[in-house]
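Have a look at the structure below, then the notes.
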Amino acid sequence: MRCGPDDFENVNRIMRNDSVYPFAVSSSGETSKTEYPVSKDFLGDSRAVILSPTPDMVFIFIPYSETLYQGHSAVLPCARGKQAIKHGKEACRWLFQNTTCQKIMGLTPVYLRNAILFSLMVGFKKEGLQK
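Okay, so the sequence shown: first residue is -11 according to this note's numbering, each after it adds one.
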């Protein structure tokens, strides 16, 4: 389930998919699709946790501190729905059981309603100020 440098092609196949890519990169327009959203160095970084429970989804957790991680999900259309929710919950559970993580936060823009709904179904709670 945990990804490393050998999983570069599959992780980037998901991240570069037309249904994922526009939402996974900066909105500044500086990133081009010829670049790889996830590098081999990043996949080899022991601090980051990249989980791919199926070939069609990836969950990325980046530590902000020893106990706080930021979570990201990328799921291809063929794997969305109940399957993605189940695996999203399992990925979060894995992170809590196998790292020092005590809290996962997401920074989902308010206009990505499906992503917000997915986060809520996985178990995230709304927190902070929103527009």
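Just so it is clear, CB atoms sit at the ideal spot from N, CA and C, and this is done for glycine as well.
For clarity, every value in this text was computed on a predicted model and none was experimentally measured.
8 Å Cβ cutoff, GLU78 in contact with chain C: No chain C is present in this structure, which holds just one protein chain.
Extent of the continuous alpha helix (DSSP H) to which LEU31 belongs: As a working note, residue 31 is residue 43 in the sequence shown. 28 to 32 is the span of the alpha helix (DSSP H), which, as asked, contains LEU31.
Span of the alpha helix (DSSP H), counted from its first residue to its last, around GLY72: As a position in the sequence shown, residue 72 is number 84, starting the count at 1. For the record, residue 72 in the displayed sequence is Ala; it is not Gly. For ALA72, the enclosing alpha helix (DSSP H) stretches over residues 70 to 86.
Same chain only: Cβ atoms within 8 Å of THR88, ignoring 5 sequence neighbours per side: To locate residue 88, count along the sequence shown from 1; it is residue 100. The beta carbon of THR88 lies closer than 8 Å to those of GLU54 and THR55 in the same chain, with the five residues before and after it left out.
Of the residues TYR9, ILE38, PHE11 and ALA67, the one placed nearest LEU83, counting alpha carbons only: Against the sequence shown, residue 83 aligns to sequence position 95. When each option's Cα is compared against that of LEU83, the closest is ILE38.
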